[in-house]
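*Asks:*
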Amino acid sequence: MDYNKLSQEILTHVGGESNIESATHCVTRLRLKLRDESKADTAYLENLEGIIGVAKASGQYQIIIGNEVSNVYKAFSALFENSKLQGEVEADHLPEKPKGFKGYLNNALDVFISCFTPLIPVIAGSGMIKVVLYLLSTFNLLSSDSSTYQILFMVADTVFYFLPVMVGYTAAKRLNVDLFIGMVLGAIIIHPTLLTLAGEEGAAFTSLAGLPVKIVDYSAQALPVILTVWLAKYVDMFTAKISPNVVKVFLRPMLTLLITAPIMLVVIAPLGSLLGDYFQVFANLMNQWGWLAVGLNAALFPLLVLTGMHNALIPLIITMFASQGFDAVLIPSGLVANIAEGGAAAGVAARAKNKATKSVAVSAAISAVLGITEPALYGVNLRFKKPFYAMLLGSFISGCIAGLLHLTAYSFVSPSLLSLPIFIGENSNLIIALLTSALSFIITFVITYVIGFDEEQNT
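Residues in the sequence shown are numbered consecutively from 7, following my numbering.
1) Going straight from the alpha carbon of Lys392 to that of Ile457, what length do you get?
2) In terms of residues, what are the limits of the beta strand (DSSP E) holding Gln227?
3) Give me, in chain order, the residues of the same chain whose beta-carbon lies closer than 8 Å to that of Ala61; leave out the 5 immediate sequence neighbours on both sides.
4) Note down, in chain order, each residue of its chain lying with its Cβ closer than 7 Å to the Cβ of Ala81, except the 5 sequence neighbours on either side.
5) From the DSSP output, in three-state form, read off Gly21 for me.
6) Report yes or no: do three or more beta-carbon pairs, one from the stretch 372–380 and one from the stretch 413–431, lie closer than 8 Å?
7) On the DSSP bridge list, what partners appear for Val219?
8) Can you find the residues in the same chain that come closer than 7 Å, C-beta to C-beta, to Ile269, ignoring five residues on each side of it along the sequence?
9) Excluding the 5 residues flanking Leu158 on each side, which residues of the same chain have their C-beta closer than 7 Å to its C-beta?
10) My understanding is that Gly405 touches Asn317, with C-beta atoms under 8 Å, so please give their C-beta distance in whole angstroms.
11) Please name the residue or residues paired with Asn68 in a DSSP beta bridge.
12) Touching or not, the stretch 169–182 and the stretch 225–244, by the rule of three or more beta carbon pairs under 8 Å?
13) Please list, in chain order, all residues of the same chain as Ile403 whose beta carbon is under 7 Å from its beta carbon, the five residues on each side excluded.
14) Tell me which residue opens and which closes the beta strand (DSSP E) that Ala29 is part of.
15) State the Cα-Cα distance for the pair Ile119 and Arg37, rounded to the nearest angstrom.
16) Excluding sequence positions up to five away, which residues of its chain have a Cβ less than 7 Å from the Cβ of Ile453?
17) Within this structure, are the beta carbons of Ser339 and Val386 separated by less than 7 Å?
18) Quick check: what's the CA-CA separation for Gly93 versus Ala29?
19) Need the endpoints of the alpha helix (DSSP H) that Tyr175 sits in, please.
20) Closest to Phe390 by CA distance: which of His412, Val366, Ile407, Ala408 is it?
21) Could you tell me which residues DSSP puts in a beta bridge with Asp333?
22) So, helix, strand or coil for Ile269, using DSSP?
23) Between the alpha carbons of Asp116 and Gly348, how many angstroms are there, rounded?
24) Please report how far the alpha carbon of Ala328 lies from the alpha carbon of Gly133, in whole angstroms.
25) Looking at Leu51 and Ile58, is the spacing between their C-beta atoms short of 7 Å?
26) Going by other Cβ atoms of all chains shown within 10 Å of its Cβ, with 16 needed for buried, is Phe288 buried or exposed?
27) Between the Cα of Leu271 and those of Ile195, Leu261, Val255, Thr18, spot the shortest distance and give me the residue it belongs to.
28) The alpha helix (DSSP H) with Met134 in it runs from where to where?
29) Keeping to the same chain, check which residues put their C-beta closer than 6 Å to that of Val95; ignore five residues upstream and five downstream.
30) Quick one: any contact between the stretch 144–160 and the stretch 438–445, if contact means 3 or more CB pairs under 8 Å?
31) Quick check on Ile449: does DSSP put it in helix, strand or coil?
32) Work out the CA separation of Val252 and Asn53 for me, nearest whole Å.
33) Kindly indicate the opening and closing residues of the alpha helix (DSSP H) around Tyr79.
34) Would you mind giving the Cβ-Cβ distance between Ile129 and Phe418, rounded to the nearest angstrom? I have them listed as a contact below 8 Å.
35) If you draw a straight line from the alpha carbon of Phe285 to that of Ala226, how long is it in whole angstroms?
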């Protein structure tokens with residue numbers, strides 16, 4: 007693949023550099039924020055070699071590329087002479103304000119997802135370190151009581167403990183706030199002094215100028231930081247206006263922190279903690295109705311991928327792990343859905359008579375069971391329609407089975423055959439993961455093969 011040529015084609019057919027407000031990427035998609043989506047030639051891009059498809063969601067124009075997306079992004083970035091890819095927008099090119107509830111909701115979702123998307127690789131990498139440690143401990147190659155194990159586990163856990171700091175950075179970058187202000191606001195709520203004050207006073211609250219400050223463990227909590235950085239954006243505009251130029255270099259950030267930090271500690275962070283408590287109740291309810299919850303989530307997961315909204319689950323998964331240390335709903339449902347995607351593509355390969363269709367379907371099936379589902383979703387299953395419906399049904403059935411067997415993930419990594427060790431735990435959990443994966447593939451394969459499809463369609 008010629009990354010430079012593909013990047014130039016993308017730039018040309020999304021309306022040029024002047025039409026791009028910002029750009030980033032996730033595991034498989036180049037995510038663009040366009041000023042005017044009507045200028046993008048979607049039909050041309052969808053038929054361009056190297057592009058699997060195009061999705062529009064949360065105010066983003068998402069170009070689905072697959073495993074090569076990081077290389078395409080580098081080439082795409084090189085085409086820009088300024089810092090627009092960092093989200094900086096000139097005053098005369100500011101995007102239109104959102105119109106109506108839908109517009110505000112799309113913008114809010116865009117900001118929320120944008121704060122987590124850049125963190126996916128380091129979160130996944132940290133999760134894999136935990137997987138390796140679990141394997142070493144399981145096979146008695148490294149004792150969980152050893153200092154080596156504990157230090158390496160600390161390395162893997164750091165990304166979750168300091169998540170507020172990293173989200174402070176990404177939120178500030180997305181909202182055009184001073185990056186270090188964002189990081190400091192994230193660091194404030196995990197500062198050890200807060201917990202020390204609680205220990206000294208023996209209470210769940212301390213005070214700030216007579217105002218109550220709730221003392222809880224805010225590590226791995228992101229929502230309070232995002233909301234506070236959003237507040238800091240407007241506070242910083244105000245302090246910039248009232249600060250004399252001669253002392254602005256220190257007075258502006260000083261006033262911004264003095265205004266936003268107390269509001270965060272007294273109002274926003276406790277509110278986030280309260281929402282977390284309600285979410286825990288919801289998580290417990292889903293765990294009790296696990297078979298149905300996993301089944302429904304498994305059927306919905308491909309639809310989220312289709313609309314580009316699957317990254318919105320990341321904050322929920324992180325909250326799951328932060329509050330209870332495991333996930334028995336979202337990651338298990340993602341596993342069976344990904345495997346079902348591969349099973350449907352394999353069913354197409356088995357039934358297809360056209361050699362080109364067989365080749366594409368086999369490649370897509372392998373990619374799907376290894377965690378990259380877009381080639382199977384867009385290139386095979388959705389293309390022939392019936393395999394897509396078979397995949398949704400297979401996902402639901404295998405998801406219900408996973409829920410009935412209480413399949414549980416103990417680490418946060420994108421679910422696939424390669425990451426099955428994240429299910430190593432008690433009660434033969436890994437065997438359950440292997441069983442449900444096999445059933446998901448077989449059930450969906452059989453359904454796809456039996457109901458068939460129109461091979462002449464879109465060929």
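Just so it is clear, CB atoms sit at the ideal spot from N, CA and C, and this is done for glycine as well.
Small disclaimer: the values here were computed from a predicted structure and weren't measured.
*Replies:* Walking through what the data contain:
1) 7 Å
2) No beta strand (DSSP E) contains Gln227, which DSSP labels as neither H nor E.
3) Arg35, Gln68, Ile70, Leu312, Thr313, Gly314
4) Tyr9, Asn10, Ser13
5) coil
6) yes
7) Thr212
8) Leu237
9) Ile135, Leu139
10) Their Cβ separation, rounded to whole angstroms, is 20 Å, which puts Gly405 and Asn317 out of contact at 8 Å.
11) The identity of residue 68 in the sequence shown is Gln, whereas the question assumes Asn. Looking at the DSSP assignment, Gln68 forms a beta bridge with Arg37, Ala61.
12) yes
13) Ile449
14) 26–31
15) 11 Å
16) Ala396, Leu399, Gly400
17) no
18) At Gly93, the pLDDT of 36 sits below 50, so the modelled position is not reliable and the matter cannot be decided from this model.
19) 169–181
20) Val366
21) Ala415
22) helix
23) 29 Å
24) 13 Å
25) no
26) exposed
27) Ile195
28) 126–144
29) Note on Val95: pLDDT 34, under 50, position unreliable in the model; the coordinate value appears next. The answer, listed in chain order, is Glu27.
30) no
31) helix
32) 57 Å
33) 75–84
34) 6 Å
35) 14 Å
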